[in-house]
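Structure below.
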């Protein structure tokens with residue numbers, strides 16, 4: 007029996023998003039595609055990640071006198087600064103992530119199915135999960151930006167305010183704070199300023215979603231491999247006997263069972279190395295993102311509490327807060343899945359029909375079960391495991407800090 011059919015190119019959506027962000031070269035070898043894309047990638051890096059992020063930083067000095075404006079400015083600067091950090095991380099450590107992707111997509115550890123065990127279907131299920139959360143996160147990022155840009159765009163384009171003799175300067179605040187190289191005191195120039203600002207904002211969205219969803223999807227397929235391994239351990243005898251055929255020579259079955267155990271153990275060791283490599287390269291980036299999210303959630307709660315519920319700004323802040331919470335949730339949910347699936351491996355090994363196996367098989371079995379007693383964690387900079395408990399802790403901490411700040415301001 008041949009291995010179950012595994013769907014290919016499970017990271018296709020991640021590659022597409024990173025390509026839009028100027029971080030993943032097109033697969034075509036044509037110079038007419040590669041050269042323009044290289045120019046595009048250089049422009050995005052220099053203009054968006056270096057120049058525009060710097061203008062957001064300098065705008066902090068113009069908004070510090072107004073607390074609400076300053077907090078909002080700091081929030082978006084932190085978000086985009088982390089985006090620039092992730093882009094820089096990709097340039098230095100992207101080769102490690104690409105190697106991990108290749109390892110996870112390798113056909114080396116594919117299994118033939120049997121009754122009650124369909125590894126191809128498990129693989130397809132996790133692929134669908136990765137697509138769903140990646141596209142959902144991208145849609146939420148678009149909603150966040152649209153909630154801020156669509157209202158002023160409609161106002162400036164179709165309902166510009168009229169001032170007395172219609173010669174007064176047009177004034178409408180830009181959605182976000184950044185230094186502008188030109189004035190925008192007329193509806194036409196304001197629309198130009200919106201476009202000038204929106205371009206980098208959407209570029210940030212694609213680079214942030216691309217990097218975060220890639221990290222998420224790598225963890226997703228680590229969990230997929232662990233789930234497939236669970237079934238592989240448990241159904242070892244059934245699959246071996248189907249492969250051996252009707253003869254079922256005891257010596258041949260024993261030999262094939264040992265070969266199957268060795269393959270499963272090599273597969274497990276490979277996935278554990280993937281976990282270790284991902285943890286080593288990503289833990290401090292995860293720490294930076296978790297810290298930034300803690301601050302942003304706290305300040306978003308403050309801004310929402312001081313903004314009228316009927317205003318456009320209220321809904322923009324709500325969408326932004328949900329997007330930041332969802333970003334952290336993705337980290338913690340998929341990190342938790344890796345920990346959970348790894349912890350279940352010993353149970354599935356024990357559930358295998360091992361009673362008639364030889365000493366070598368049982369020795370490998372005991373050794374593997376003992377090894378998997380040690381929990382497998384992705385961490386937040388080695389300070390905390392990347393689990394749902396950590397997600398709840400960060401949410402509760404951000405609310406507690408908000409409550410203290412709010413009570414202090416009311417007391418004053």
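Numbering (the working numbering), first residue to last: 7 to 418.
Note that the Cβ used here is the ideal one computed from N, Cα and C, for glycine as well.
Treat the numbers as computed from the prediction; the structure is a model and nothing was measured.
A check of alpha carbon separations from residue 135 across 383, 412 and 339 identifies 339 as the nearest. A straight line joining the alpha-carbon of residue 77 with that of residue 181 spans about 14 Å. Residue environment analysis places residue 125 among the buried positions, since at least 16 neighbouring C-beta atoms fall within 10 angstroms of its C-beta. According to DSSP, residue pairing for residue 120 in a beta bridge involves 123.
Distances from the alpha-carbon of residue 242 to those of 133, 105, 368 and 144 put 368 closest. Inclusion of residue 99 and residue 287 in the CB contact set at 7 Å is warranted, their separation being smaller than that value. Annotation: the continuous alpha helix (DSSP H) that includes residue 233 extends over 193-240. Taken atom to atom, the span from the alpha-carbon of residue 224 to that of residue 189 is near 45 Å.
In the DSSP assignment, residue 385 is bridged to 391. Residue burial is scored here from C-beta neighbours: residue 103 has at least 16 other C-beta atoms within 10 angstroms and is therefore classed as buried. Classified as exposed, residue 145 has fewer than 16 neighbouring CB atoms from the shown chains inside 10 Å of its CB.
Residue 210 places its beta carbon 7 Å or farther from that of residue 116. Secondary structure within the stretch 46-83: the alpha helix (DSSP H) runs of 4 or more consecutive residues, fully enclosed, are 59-69 (chain order). Secondary structure at residue 379: coil, using DSSP grouped into helix, strand and coil. Between residue 95 and residue 246, the alpha-carbon positions lie close to 45 Å from each other.
By a beta-carbon distance limit of 8 Å, residue 88 contacts residue 295. Their separation comes to about 6 Å. Between the alpha carbons of residue 156 and residue 204 lies a gap of roughly 11 Å.
Distance from the CA of residue 38 to the CA of residue 31, rounded to the nearest whole angstrom, comes to 13 Å. Residue range 351-356 is occupied by the alpha helix (DSSP H) that includes residue 352. The Cβ atoms of residue 17 and residue 107 sit closer than 7 Å to each other. In the displayed model, residue 31 falls within coil according to three-state DSSP, outside both helix and strand. The three-state secondary structure of residue 260, taken from DSSP, is helix.
Secondary structure of residue 16 (DSSP, three-state): coil.
Residue 356 is classed as exposed because its beta carbon has fewer than 16 other beta carbons within 10 Å across all chains shown. Taking a C-beta distance under 7 Å as the contact criterion, residue 153 and residue 325 qualify as a contact pair.
Counting only residues of its own chain and dropping the five nearest sequence neighbours on each side, residue 61 has a CB closer than 7 Å to the CB of 184 and 185. With fewer than three CB-CB distances shorter than 8 Å, the stretch 297-304 does not count as touching the stretch 269-281. A check of alpha carbon separations from residue 256 across 216, 362, 401 and 337 identifies 362 as the nearest. Counting the other Cβ atoms within 10 Å of the Cβ of residue 265 gives fewer than 16, which makes it exposed.
Excluding its 5 nearest sequence neighbours in each direction, residue 312 has C-beta neighbours in its own chain below 8 Å: 74, listed in chain order.
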